[in-house]
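Numbering follows this note's numbering, in which position 350 of the sequence shown is assigned residue number 1484; successive positions increment by one, without gaps. A virtual CB, placed ideally from N, CA and C, is assigned to each residue, including glycine. Computed from a prediction, not measured in an experiment: that's the story for all the values here. Step one of this worksheet: look at the structure below.
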Amino acid sequence: MSFLAKNYNRRNISFTKGKGSYLYSSKGKKYLDFVQGIAVNSLGHAHPKLIKVINNQTKKLWHVSNSFVIPEGELLAKKLAKKTFADYVMFQNSGAEATEAAIKVARRYFYSIGKPKKNRILCIKNSFHGRTIAAIFASGSKKMTEGFGPKINGFDHFKFGDHYSLKKKIGKNTAAIMVEPIMGEGGIKVIPDWCLRELRKLCDKKKILLILDEVQCGISRSGDFFAYEKAKVKPDIVPIAKGIGGGFPIGAVLMNKKVAKSMIPGTHGSTFGGNPLAMAVGNKVMDIVSSKKFLNNVKKLSKYFLSNLNNLKNRYPNIIKEVRGRGLLIGLQLHNDQSKFIKKLTENKFLTIRAAENVVRLLPPLNVKKNELDQALKIINKVCAEH
Ligand SMILES: *Cc1c(COP(=O)(O)O)cnc(C)c1O
C-alpha cells in the first residue's frame, strides 16, 4: 500500500535512472520520455555538464540566507536581465510562487503610486498559473477551485480569443492582465503575435501592467528564449520556473525598473529561493539553452517534428484533429478523449502527458536528437494505425 496522498492519478511505472531523452523503469524497460518532468528537464536526464556543476557546488556551499549576498544568484539575475526585457529578478522555488510574486509586484506597484484600489488581475478563463490558493482562483477554473473557498477576490476572467470580453472586463480597478503566451496545461494554445502586440497596446492605453506567465513556454521551449520575443513586445512582469533549473526546483519573477521600484526591503522573501546550489545549476542551464546556436537547433528540430506530425494528421484525419504549438512545446489535439491514446503510446515505450481539450502533450528535451523524434513519430504512426 502507498502512504502517499491520493491527489494524483499515478501511472503504475517507476524509474530507476534516466539518460538524455530516455528513462529506465524498475522493470528494466527503456522509455522515450517526452514528458521530461513536464517541460522541466530542458536538457534531458543526467546531463553531464549539470552533474558536474551540481557536484562541484555540493562540496562548496548549498544554502545561505537571502539576508546575505549570494554571488551565484547575482550572476544568474544579471544573465537574465541582459538577455531579456528585465531590469530586476527575484528568485523563488516553483512556478506557483513565481506567479504569486508577479501578482504581488503588480499590486504593490499601484499601491506605491498611490492607487491601492487598482489591484485586480485579469486572466483567461480556465488558464493555469499554479496550485496555491491565489493561483487557483487566478485560473478561474471550477475544477481547480471546487471545495477551496472562500473565493479569493481580485481576479476577473475573459474567454481565450474573446477580444470583446477582454476589453469589457478591464475596469478602473484592473492592475494587470496575466496570460501565458502559449497555454500549456490549457491545451497548447498559442496567442498569435499580433494579439500579444494588441494586448501590449491595450495595457499601455489603459495604463495597466502586462504579466506574461512563461513558466512553461519560457527558457527556450518555444524556440526563442521567451515565447513573447517573437511578437517583439515587452512585458512588465514575467514569472518563470520549470525549464530554468533543468530538474532542480527554481522559480523567479522578472520585472522592469518601473514596477521593481515598489519592491522595497521587507515586501517579499523566500527562505530557499535563489540559494547557491539552485543558482549554480540555473546558471549552467541558462548558459547552454540561451545561446543562439542552441536556439537555432530547437527551431530546426521543431520545424522537422511539426511538419512530420502534420503529415500524420493528414494520414489520420479521423484521429488527429490539430497539431498545435511552437518550438518543442507541442500538442496533438485528438477528436476524442486522449487517455487511451496516451496509454497505447506508453505500452509502446513512449511517455507523453495530457493537456486540456483532448491534447496529447509532447515535451521532448530541448537537446533531443533527430532520430529520437523519428522514433516518436514511428510510435505515434503505429498507435494511430491500430486505433
Ligand atoms: C506549471 C505551471 C505553473 C505552476 O508551476 P509549479 O512549479 O507547479 O508551481 C504556473 N504557470 C504555468 C504556465 C505552468 O505551466
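So what's residue i in DSSP terms, helix, strand or just coil?
| i | result |
| --- | --- |
| residue 1229 | helix |
| residue 1458 | strand |
| residue 1156 | strand |
| residue 1517 | helix |
| residue 1360 | coil |
| residue 1188 | helix |
| residue 1381 | coil |
| residue 1430 | helix |
| residue 1175 | coil |
| residue 1246 | helix |
| residue 1416 | helix |
| residue 1138 | coil |
| residue 1422 | helix |
| residue 1512 | helix |
| residue 1367 | coil |
Starting from residue i, trace the beta strand (DSSP E) both ways and give me its first and last residue.
| i | result |
| --- | --- |
| residue 1152 | 1149–1153 |
| residue 1387 | 1385–1389 |
| residue 1181 | Looking at the DSSP string, residue 1181 is not in any beta strand (DSSP E), and its letter there is neither H nor E. |
| residue 1338 | Looking at the DSSP string, residue 1338 is not in any beta strand (DSSP E); the run it does join, the alpha helix (DSSP H), is 1327–1340. |
| residue 1166 | 1164–1167 |
Going by DSSP, name the residue or residues bridged to residue i.
| i | result |
| --- | --- |
| residue 1406 | In DSSP, residue 1406 forms no bridge with anything. |
| residue 1312 | 1257 and 1345 |
| residue 1223 | 1388 |
| residue 1323 | 1317 |
| residue 1292 | 1258 |
| residue 1239 | BP columns for residue 1239 are empty, so no partner. |
| residue 1373 | 1387 |
Check whether the Cβ of residue i lies closer than 9 Å to any Cβ atom in chain B.
| i | result |
| --- | --- |
| residue 1322 | Here there is only one protein chain, and chain B is not present. |
Residue i lies in the alpha helix (DSSP H); which residues open and close that run?
| i | result |
| --- | --- |
| residue 1297 | 1297–1303 |
| residue 1353 | Premise fails: residue 1353 is in no alpha helix (DSSP H) and is neither H nor E. |
| residue 1270 | 1267–1273 |
| residue 1279 | 1276–1279 |
Comparing the CB of residue i with every heavy atom of ligand 2, is any distance shorter than 8 Å?
| i | result |
| --- | --- |
| residue 1493 | No copy of ligand 2 occurs in the structure displayed; its ligands are ligand 1 alone. |
4 or more residues per run - each alpha helix (DSSP H) lying fully within the region 1432–1506: The region 1432–1506 contains these whole alpha helix (DSSP H) runs: 1473–1481.
Runs of beta strand (DSSP E) wholly within the region 1193–1220 (minimum 3 residues, chain order): With a minimum length of 3 residues, no continuous beta strand (DSSP E) run stays inside the region 1193–1220.
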